[in-house]
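Scroll down for the structure; my scribbles are underneath it.
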Amino acid sequence: MKLLKDFTNGIIKENPTFRLVLGTCPTMAVTTAVFNGIGMGIAVLAVLVCSNLIISLINKIVPSEVRIPIYVVVIATFVTAVEMLIKAFSPALDSALGIFIPLIVVNCIILARAESFASKNPPLNSIMDGLGMGVGFTLALTFMSGVRELLGAGTFLNIPVFGAGFEPALILILPPGGFLVYGLMIALFNKLTARRA
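Numbering (our numbering), first residue to last: -3 to 193.
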């Protein structure tokens, strides 16, 4: 039961994007297209699960004074592996995400989960926490990029959705539109989750 709670916590109660407002920089930058949002979400999910597992396993042997640098090295190892896989298997995604893949190393979602959860819980719970946070982040990026791409470009996964007469709201694929959509999504998320409480 605790494992399921650790998983679902990251999707709704502590959603990293809409509830904790973590990872705002990549959220704003990569959500111009659904393909980018899903790709970034899966990359963060993989790094979260792997780094949470390793940090949970080594937490008793890492001196408290150097724990943060050790966490960064562990996270950087997995980010490097993910970046190499993306470069090898999806050059288009690598090109679209650019610098934001290496910046996963210092993504506050991953560092926060390493410090506040993985370092204090057993490996299986830490894996479930990483999965839940990663799924929550991926869903948030997918919803946000879906709205921005659909209304800002008139496409979904680069497939035209509306007829020739559709005039996209180009501001939605620009940074100001990203902030607008992000704010509205946070408000909607809070409204929907407040009803459940």
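Every residue, glycine too, gets a C-beta built ideally from N, C-alpha and C.
Return the bridge partner residues of P156 from the DSSP annotation. Mapped onto the sequence shown, residue 156 falls at position 160. The partner list for P156 (beta bridge, DSSP) reads T151.
Within the stretch 91 to 153, ranges of the alpha helix (DSSP H) (whole runs, at least 4 residues): 104 to 112, 119 to 149
Alpha-carbon to alpha-carbon, V58 and F162: As a working mapping, residue 162 is identified with position 166 in the sequence shown. As a working mapping, residue 58 is identified with position 62 in the sequence shown. Roughly 57 angstroms separates the two Cα atoms.
Could you tell me if F74 is buried or exposed, where buried requires 16 or more neighbouring beta carbons within 10 angstroms of its beta carbon? Translated into the one-based positions of the sequence shown, residue 74 becomes position 78. It counts as buried.
Could you tell me which whole alpha helix (DSSP H) segments of length 4 or greater appear in the stretch 59 to 92? Listed in chain order, the complete alpha helix (DSSP H) runs (minimum 4 residues) inside the stretch 59 to 92 are 63 to 85.
From which residue to which residue does the alpha helix (DSSP H) around I50 run? On the sequence shown, position 54 is the one that residue 50 refers to. Start and end: 30 to 54.
Stretch pair the stretch 50 to 57 + the stretch 145 to 160: three plus CB contacts closer than 8 angstroms: no
Can you check whether the CB of M36 is closer than 7 angstroms to the CB of L137? Working through the sequence shown from its first residue, we reach residue 137 at position 141. Working through the sequence shown from its first residue, we reach residue 36 at position 40. Cβ distance < 7 angstroms, so L137 and M36 count as in contact.
Here's a check: name, in chain order, each residue in its chain whose Cβ is nearer than 8 angstroms to the Cβ of T4, leaving out the five neighbours to either side. Looking up residue 4 in the sequence shown gives position 8. Closer than 8 angstroms at Cβ, skipping near neighbours: G128.
Length of the line joining the Cα atoms of F31 and P87: Position 35 of the sequence shown, counted from the first residue, corresponds to residue 31. Position 91 of the sequence shown, counted from the first residue, corresponds to residue 87. Using only the alpha carbons, I get a separation of about 13 angstroms.
Return the CA-CA distance between G148 and T20, expressed in angstroms with no decimal places. Locating residue 148 in the sequence shown gives position 152, counting from the first residue. Locating residue 20 in the sequence shown gives position 24, counting from the first residue. Cα-Cα distance, rounded: 20 angstroms.
Where T27 falls: helix, strand or coil (DSSP): Start at 1 with the first residue of the sequence shown, and residue 27 comes out as number 31. Coil at T27, not helix or strand.
Near L(-1), what residues of its chain come up, given a Cβ to Cβ distance below 6 angstroms and the 5 sequence neighbours on each side ignored? For the purposes of this step, residue -1 is taken as the residue at position 3 of the sequence shown. Around L(-1): M124.
Would you say the stretch 108 to 123 touches the stretch 140 to 155, given that touching needs at least three Cβ pairs under 8 angstroms? no
Using CA coordinates, which residue listed in S47, E79, A165, K83 is at the minimum distance from Y67? One-based indexing of the sequence shown puts residue 67 at position 71. Of S47, E79, A165, K83, the residue nearest in Cα terms is S47.
Quick check on K(-2): does DSSP put it in helix, strand or coil? Numbered from its first residue, the sequence shown carries residue -2 at position 2. Helix at K(-2).
Taking the C-alpha atoms as reference points, what is the distance between G130 and I38? As a working note, residue 130 is residue 134 in the sequence shown. As a working note, residue 38 is residue 42 in the sequence shown. Cα to Cα, G130 sits roughly 7 angstroms from I38.
As a quick exercise: from I7, R15, L49, V102, pick the residue whose alpha carbon is nearest that of Y178. Position 182 of the sequence shown holds residue 178. Y178 has its Cα closest to that of R15, out of I7, R15, L49, V102.
Cβ shell of G33 (< 7 angstroms), same chain only, five flanking positions each side left out: Position 37 of the sequence shown, counted from the first residue, corresponds to residue 33. Cβ within range, chain order: V26, T27, L137, T138, M140, S141.
Can you give the beta carbon distance from I51 to S115, rounded, assuming they're within the 8 angstroms contact cut? Taking the first residue of the sequence shown as 1, we reach residue 51 at position 55. Taking the first residue of the sequence shown as 1, we reach residue 115 at position 119. Confirmed, about 6 angstroms.
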